[in-house]
Amino acid sequence: MRLSQLRSFDAVAAAGGFTAAARSLGVRQPTVSEQVSALEAEYGVALVDRRDGKVAITPLGECLHEISGPLFALEAEARRLLQSAHRLDGVELRLAADAPVHAVPLIARLRGQVPEAHVRLGSGNAAELLQRLRTGAEDVIIAAGIPDADDLASVVVDRQSLVAVVHVDNPLAQQKSVGLRRLLNEQLVLREKGSASRAALEEAAASVRDEPLDATLVVDTREGALAAVAAGLGVAVIAENELLDDPRLVMVDIRDPSIPIEERMICRASERDTAICAALFDLVPGR
0 MRLSQLRSFD
10 AVAAAGGFTA
20 AARSLGVRQP
30 TVSEQVSALE
40 AEYGVALVDR
50 RDGKVAITPL
60 GECLHEISGP
70 LFALEAEARR
80 LLQSAHRLDG
90 VELRLAADAP
100 VHAVPLIARL
110 RGQVPEAHVR
120 LGSGNAAELL
130 QRLRTGAEDV
140 IIAAGIPDAD
150 DLASVVVDRQ
160 SLVAVVHVDN
170 PLAQQKSVGL
180 RRLLNEQLVL
190 REKGSASRAA
200 LEEAAASVRD
210 EPLDATLVVD
220 TREGALAAVA
230 AGLGVAVIAE
240 NELLDDPRLV
250 MVDIRDPSIP
260 IEERMICRAS
270 ERDTAICAAL
280 FDLVPGR
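The structure is reproduced here in C-alpha coordinates:
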(Lines of atoms letter the chains of each structure in order from A; the text may use other names.)
(Lines give C-alpha, C1' and ligand atoms only; values in the text may rest on other atoms or scores of the structure.)
Protein backbone atom coordinates (compact mmCIF):
# COMPACT_ATOMS: atom_id res chain seq x y z
CA MET A 0 0.00 0.00 0.00
CA ARG A 1 1.33 3.40 -0.97
CA LEU A 2 0.60 6.41 1.21
CA SER A 3 -0.57 8.31 -1.89
CA GLN A 4 -3.22 5.64 -2.51
CA LEU A 5 -4.51 5.87 1.05
CA ARG A 6 -4.50 9.66 0.83
CA SER A 7 -6.62 9.55 -2.32
CA PHE A 8 -9.10 7.17 -0.70
CA ASP A 9 -9.28 9.35 2.42
CA ALA A 10 -10.02 12.41 0.30
CA VAL A 11 -12.83 10.58 -1.54
CA ALA A 12 -14.35 9.41 1.74
CA ALA A 13 -14.11 12.89 3.26
CA ALA A 14 -15.40 14.77 0.19
CA GLY A 15 -18.03 12.23 -0.87
CA GLY A 16 -16.85 11.93 -4.46
CA PHE A 17 -13.87 11.68 -6.79
CA THR A 18 -14.17 15.15 -8.35
CA ALA A 19 -14.37 16.94 -5.00
CA ALA A 20 -11.50 14.80 -3.69
CA ALA A 21 -9.31 15.72 -6.66
CA ARG A 22 -10.11 19.38 -6.08
CA SER A 23 -9.12 19.16 -2.41
CA LEU A 24 -5.85 17.39 -3.26
CA GLY A 25 -5.03 19.65 -6.20
CA VAL A 26 -4.75 16.78 -8.70
CA ARG A 27 -6.75 15.47 -11.68
CA GLN A 28 -9.81 13.33 -11.05
CA PRO A 29 -8.46 10.30 -13.02
CA THR A 30 -5.40 10.28 -10.75
CA VAL A 31 -7.57 9.92 -7.65
CA SER A 32 -9.67 7.20 -9.29
CA GLU A 33 -6.57 5.25 -10.34
CA GLN A 34 -5.04 5.48 -6.87
CA VAL A 35 -8.19 4.21 -5.16
CA SER A 36 -8.64 1.41 -7.69
CA ALA A 37 -5.03 0.32 -7.19
CA LEU A 38 -5.53 0.19 -3.42
CA GLU A 39 -8.67 -1.92 -3.83
CA ALA A 40 -6.97 -4.25 -6.31
CA GLU A 41 -3.93 -4.78 -4.08
CA TYR A 42 -6.06 -6.12 -1.24
CA GLY A 43 -8.95 -7.53 -3.27
CA VAL A 44 -11.52 -5.38 -1.50
CA ALA A 45 -14.19 -2.81 -2.37
CA LEU A 46 -13.80 0.51 -0.59
CA VAL A 47 -15.99 2.64 -2.84
CA ASP A 48 -19.29 1.62 -4.45
CA ARG A 49 -19.49 3.25 -7.89
CA ARG A 50 -22.80 1.84 -9.12
CA ASP A 51 -25.49 3.84 -10.96
CA GLY A 52 -23.21 6.82 -11.44
CA LYS A 53 -23.13 7.47 -7.70
CA VAL A 54 -20.31 7.17 -5.18
CA ALA A 55 -20.81 5.56 -1.78
CA ILE A 56 -18.25 4.37 0.75
CA THR A 57 -18.60 0.68 1.61
CA PRO A 58 -18.74 -0.50 5.25
CA LEU A 59 -15.09 -1.57 4.99
CA GLY A 60 -14.26 1.81 3.50
CA GLU A 61 -15.97 3.55 6.42
CA CYS A 62 -13.83 1.54 8.85
CA LEU A 63 -10.68 2.44 6.91
CA HIS A 64 -11.65 6.12 6.87
CA GLU A 65 -11.88 6.06 10.67
CA ILE A 66 -8.16 5.27 10.59
CA SER A 67 -7.02 7.34 7.62
CA GLY A 68 -8.86 10.53 8.63
CA PRO A 69 -7.04 11.01 11.96
CA LEU A 70 -3.79 9.83 10.34
CA PHE A 71 -3.71 12.61 7.76
CA ALA A 72 -5.06 15.17 10.22
CA LEU A 73 -2.09 14.39 12.48
CA GLU A 74 0.27 14.62 9.51
CA ALA A 75 -1.07 18.08 8.67
CA GLU A 76 -0.82 19.15 12.30
CA ALA A 77 2.80 18.01 12.48
CA ARG A 78 3.61 19.90 9.29
CA ARG A 79 2.05 23.10 10.62
CA LEU A 80 3.85 22.74 13.94
CA LEU A 81 7.20 22.53 12.18
CA GLN A 82 6.34 25.36 9.81
CA SER A 83 5.29 27.65 12.63
CA ALA A 84 8.82 27.47 14.03
CA HIS A 85 10.24 29.12 10.89
CA ARG A 86 9.85 32.48 9.24
CA LEU A 87 6.64 32.97 7.32
CA ASP A 88 8.49 33.48 4.04
CA GLY A 89 9.60 29.86 4.20
CA VAL A 90 6.06 28.49 4.50
CA GLU A 91 3.43 27.76 1.88
CA LEU A 92 0.11 29.22 3.02
CA ARG A 93 -2.87 27.13 1.96
CA LEU A 94 -5.74 29.59 1.85
CA ALA A 95 -9.18 28.94 0.35
CA ALA A 96 -12.21 31.19 -0.01
CA ASP A 97 -15.82 30.95 -1.13
CA ALA A 98 -14.99 33.87 -3.46
CA PRO A 99 -11.47 35.08 -4.40
CA VAL A 100 -12.57 38.70 -3.94
CA HIS A 101 -12.54 38.16 -0.17
CA ALA A 102 -9.05 36.64 -0.09
CA VAL A 103 -7.09 38.75 -2.57
CA PRO A 104 -6.90 41.94 -0.40
CA LEU A 105 -5.45 39.93 2.48
CA ILE A 106 -2.93 38.25 0.20
CA ALA A 107 -1.90 41.68 -1.09
CA ARG A 108 -1.37 42.94 2.48
CA LEU A 109 0.60 39.81 3.32
CA ARG A 110 2.83 40.25 0.27
CA GLY A 111 3.39 43.86 1.34
CA GLN A 112 4.89 42.62 4.61
CA VAL A 113 6.42 39.34 3.42
CA PRO A 114 7.19 39.68 -0.32
CA GLU A 115 8.48 36.11 -0.59
CA ALA A 116 5.45 34.49 1.04
CA HIS A 117 4.15 31.49 -0.90
CA VAL A 118 0.36 31.30 -1.18
CA ARG A 119 -1.91 28.68 -2.75
CA LEU A 120 -5.41 30.07 -3.15
CA GLY A 121 -8.23 27.53 -3.46
CA SER A 122 -11.99 27.87 -3.71
CA GLY A 123 -15.23 26.07 -2.90
CA ASN A 124 -18.52 26.58 -1.15
CA ALA A 125 -18.72 27.10 2.62
CA ALA A 126 -19.47 23.47 3.46
CA GLU A 127 -16.59 22.18 1.30
CA LEU A 128 -14.14 24.68 2.77
CA LEU A 129 -15.04 23.83 6.36
CA GLN A 130 -14.56 20.14 5.63
CA ARG A 131 -11.17 20.79 4.04
CA LEU A 132 -10.09 22.94 6.98
CA ARG A 133 -11.02 20.28 9.52
CA THR A 134 -9.27 17.52 7.57
CA GLY A 135 -6.08 19.56 7.27
CA ALA A 136 -6.28 20.26 3.54
CA GLU A 137 -6.35 24.03 4.17
CA ASP A 138 -4.58 26.22 6.74
CA VAL A 139 -7.09 29.08 6.64
CA ILE A 140 -10.44 29.59 4.94
CA ILE A 141 -12.61 32.62 4.25
CA ALA A 142 -16.30 31.84 4.04
CA ALA A 143 -19.78 32.94 5.05
CA GLY A 144 -22.43 31.06 6.96
CA ILE A 145 -20.14 28.95 9.16
CA PRO A 146 -21.36 28.92 12.77
CA ASP A 147 -19.07 29.43 15.74
CA ALA A 148 -17.51 26.26 17.16
CA ASP A 149 -15.10 25.50 19.98
CA ASP A 150 -12.55 24.01 17.61
CA LEU A 151 -12.49 27.08 15.34
CA ALA A 152 -11.05 30.59 15.64
CA SER A 153 -12.47 33.29 13.38
CA VAL A 154 -12.57 36.99 12.63
CA VAL A 155 -15.00 38.98 10.46
CA VAL A 156 -13.37 40.23 7.25
CA ASP A 157 -16.44 41.65 5.48
CA ARG A 158 -20.12 42.40 6.01
CA GLN A 159 -22.44 42.94 3.07
CA SER A 160 -25.86 42.04 1.71
CA LEU A 161 -27.10 39.63 -0.90
CA VAL A 162 -28.32 41.20 -4.14
CA ALA A 163 -30.22 39.98 -7.16
CA VAL A 164 -28.38 39.84 -10.49
CA VAL A 165 -30.65 40.10 -13.52
CA HIS A 166 -30.20 40.28 -17.26
CA VAL A 167 -30.21 43.82 -18.63
CA ASP A 168 -33.43 43.04 -20.55
CA ASN A 169 -35.27 41.86 -17.42
CA PRO A 170 -37.84 44.47 -16.24
CA LEU A 171 -36.26 44.30 -12.77
CA ALA A 172 -33.13 45.86 -14.25
CA GLN A 173 -34.97 49.19 -14.29
CA GLN A 174 -35.47 49.13 -10.52
CA LYS A 175 -33.06 50.00 -7.74
CA SER A 176 -34.49 47.35 -5.44
CA VAL A 177 -36.95 44.48 -5.40
CA GLY A 178 -38.99 42.98 -2.56
CA LEU A 179 -37.99 39.44 -1.68
CA ARG A 180 -41.50 38.09 -2.18
CA ARG A 181 -41.55 39.56 -5.69
CA LEU A 182 -38.07 38.23 -6.43
CA LEU A 183 -39.10 34.70 -5.51
CA ASN A 184 -41.58 34.73 -8.41
CA GLU A 185 -38.66 34.99 -10.86
CA GLN A 186 -36.93 32.00 -12.44
CA LEU A 187 -34.09 31.52 -9.97
CA VAL A 188 -30.61 30.27 -10.72
CA LEU A 189 -29.45 28.80 -7.41
CA ARG A 190 -26.09 27.74 -6.05
CA GLU A 191 -25.66 24.15 -4.88
CA LYS A 192 -26.47 22.93 -1.38
CA GLY A 193 -23.61 23.94 0.91
CA SER A 194 -23.38 27.46 -0.51
CA ALA A 195 -23.69 30.15 2.17
CA SER A 196 -25.57 32.50 -0.15
CA ARG A 197 -28.13 29.81 -0.95
CA ALA A 198 -28.57 28.99 2.75
CA ALA A 199 -29.11 32.68 3.56
CA LEU A 200 -31.61 33.06 0.72
CA GLU A 201 -33.53 29.96 1.81
CA GLU A 202 -33.73 31.22 5.38
CA ALA A 203 -34.98 34.64 4.27
CA ALA A 204 -37.46 33.08 1.81
CA ALA A 205 -38.93 30.94 4.60
CA SER A 206 -39.75 34.12 6.51
CA VAL A 207 -42.00 35.48 3.74
CA ARG A 208 -43.68 32.36 2.34
CA ASP A 209 -44.16 28.67 3.07
CA GLU A 210 -43.17 27.22 -0.29
CA PRO A 211 -39.58 26.00 -0.84
CA LEU A 212 -37.40 27.76 -3.38
CA ASP A 213 -38.14 26.75 -6.97
CA ALA A 214 -34.93 26.73 -9.01
CA THR A 215 -34.93 26.50 -12.78
CA LEU A 216 -31.20 25.82 -12.68
CA VAL A 217 -28.69 24.81 -9.99
CA VAL A 218 -24.98 25.50 -10.56
CA ASP A 219 -21.96 24.73 -8.42
CA THR A 220 -20.03 27.98 -8.93
CA ARG A 221 -20.78 31.66 -8.68
CA GLU A 222 -19.31 32.19 -12.13
CA GLY A 223 -21.69 29.58 -13.50
CA ALA A 224 -24.67 31.34 -11.95
CA LEU A 225 -23.65 34.67 -13.48
CA ALA A 226 -23.05 33.06 -16.87
CA ALA A 227 -26.57 31.61 -16.71
CA VAL A 228 -28.04 35.04 -15.98
CA ALA A 229 -26.03 36.56 -18.82
CA ALA A 230 -27.55 33.94 -21.12
CA GLY A 231 -31.05 34.92 -20.01
CA LEU A 232 -31.72 31.73 -18.04
CA GLY A 233 -32.92 33.38 -14.84
CA VAL A 234 -32.01 35.52 -11.83
CA ALA A 235 -29.12 34.80 -9.44
CA VAL A 236 -28.55 35.93 -5.87
CA ILE A 237 -24.97 36.67 -4.78
CA ALA A 238 -23.05 38.89 -2.37
CA GLU A 239 -22.96 42.48 -3.58
CA ASN A 240 -19.18 42.67 -4.15
CA GLU A 241 -19.07 39.47 -6.21
CA LEU A 242 -20.65 40.82 -9.41
CA LEU A 243 -18.49 40.50 -12.51
CA ASP A 244 -18.04 43.41 -14.91
CA ASP A 245 -20.44 42.38 -17.67
CA PRO A 246 -22.73 44.79 -19.56
CA ARG A 247 -25.43 42.09 -19.67
CA LEU A 248 -25.72 41.96 -15.89
CA VAL A 249 -27.47 44.42 -13.57
CA MET A 250 -27.39 44.35 -9.76
CA VAL A 251 -30.65 45.02 -7.90
CA ASP A 252 -30.88 45.42 -4.11
CA ILE A 253 -33.13 43.04 -2.17
CA ARG A 254 -35.50 44.44 0.46
CA ASP A 255 -38.35 43.37 2.75
CA PRO A 256 -36.21 41.87 4.12
CA SER A 257 -32.63 42.58 3.12
CA ILE A 258 -30.35 39.56 3.49
CA PRO A 259 -27.09 40.29 5.35
CA ILE A 260 -24.13 37.96 5.01
CA GLU A 261 -20.87 37.95 6.94
CA GLU A 262 -17.56 36.67 5.63
CA ARG A 263 -15.18 35.26 8.25
CA MET A 264 -11.58 34.16 8.15
CA ILE A 265 -11.32 30.86 10.01
CA CYS A 266 -8.60 28.52 11.23
CA ARG A 267 -8.43 25.71 13.75
CA ALA A 268 -8.45 27.10 17.29
CA SER A 269 -5.41 24.98 18.14
CA GLU A 270 -3.45 26.74 15.37
CA ARG A 271 -4.52 30.32 16.02
CA ASP A 272 -1.07 31.27 17.36
CA THR A 273 0.99 29.65 14.60
CA ALA A 274 2.99 31.92 12.32
CA ILE A 275 0.56 31.42 9.42
CA CYS A 276 -2.68 32.14 11.27
CA ALA A 277 -1.29 34.90 13.46
CA ALA A 278 0.09 36.77 10.44
CA LEU A 279 -3.21 36.64 8.53
CA PHE A 280 -5.42 37.52 11.49
CA ASP A 281 -3.21 40.53 12.24
CA LEU A 282 -3.82 41.80 8.71
CA VAL A 283 -7.60 42.13 9.16
CA PRO A 284 -8.49 45.85 9.47
CA GLY A 285 -10.20 46.94 12.68
CA ARG A 286 -9.24 43.93 14.75
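Going by numbering that gives the first Met the number 0, the sequence shown wraps up at 286, each residue one higher than the last.
Backbone N, C-alpha and C fix where the C-beta goes; we use that ideal spot for every residue, glycine too.
All figures in this text were calculated on a predicted structure; none of them were measured in a lab.
Option in the options with minimal Cα separation from residue i
i	options	result
R93	L171, R108, G135 and T57	G135
L189	L232, R27 and R131	L232
T18	D9, Q28, L24 and A12	Q28
V177	A102, V236, E65 and S3	V236
H117	N124, I106 and A205	I106
P256	L187, S194, D244 and R180	R180
M0	D150, L38 and S7	L38
L243	P58, S269 and V228	V228
A75	Q130, V26, E137 and G60	E137
R267	P259, A238 and D150	D150
G289	E115, H101 and P114	This structure gives no information on residue 289, because the portion of the chain shown stretches from 0 to 286.
L5	D245, G25, S36 and G15	S36
R208	D51, T220 and L182	L182
L216	A238, A195, L187 and R197	L187
L70	V54, R50 and L2	L2
A98	R22, R78, S7 and S194	S194
I114	R22, Q130, E91 and P284	Looking at the sequence provided, one finds Pro at residue 114 rather than Ile. Minimum Cα distance to P114 is reached at E91.
Per-residue DSSP class, three states only, for residue i
i	result
Q186	coil
R289	Since the first residue shown for the chain is 0 and the last is 286, residue 289 is missing from the structure and cannot be characterised.
R158	strand
S7	helix
A116	coil
D18	Looking at the sequence provided, one finds Thr at residue 18 rather than Asp. If DSSP states are grouped into helix, strand and coil, T18 belongs with the helices.
S122	strand
A297	Shown here, the chain extends from 0 to 286; a query on residue 297 therefore has no answer.
A195	helix
I275	helix
A163	strand
A148	coil
S153	strand
A206	Per the sequence presented here, residue 206 reads as Ser, with Ala not at that position. Correct three-state label for S206: coil.
A136	coil
Own chain, CB closer than 6 Å to residue i, minus 5 neighbours either side, in chain order
i	result
A230	none
L128	A95, I140 and A142
A84	Bear in mind that a pLDDT of 48 at A84, under 50, signals an unreliable position, so the model cannot answer this.
A20	A10, V11, A14 and V31
Cβ neighbours of residue i in the same chain (closer than 8 Å, five flanking residues each side left out)
i	result
A277	R271
L59	V44, A45 and L46
Y42	M0
D219	N124, R190 and E191
R254	S176, V177, G178 and L179
Spatial neighbours of residue i in its chain, beta-carbon cut-off 7 Å, leaving aside the 5 residues before and after
i	result
I258	S160, L161, A199, L200 and A203
V103	none
V165	L171, A172, V228, V234, V249 and V251
Please determine if the stretch 166 to 183 and the stretch 243 to 257 are in contact, where contact requires at least 3 C-beta pairs separated by less than 8 Å. yes
Segments of 4+ residues assigned as alpha helix (DSSP H) that fall wholly inside the stretch 22 to 110: 28 to 42 and 58 to 83
Can you list, in chain order, the stretches of the beta strand (DSSP E) that have 3 or more residues and sit fully within the stretch 219 to 256? 234 to 238 and 248 to 254
Counting beta carbon pairs with one atom in the stretch 35 to 52 and one in the stretch 7 to 14, are three or more of them shorter than 8 Å? yes
Counting beta carbon pairs with one atom in the stretch 61 to 78 and one in the stretch 216 to 234, are three or more of them shorter than 8 Å? no
The stretch 262 to 280 / the stretch 137 to 149 touching (three or more Cβ pairs under 8 Å): yes
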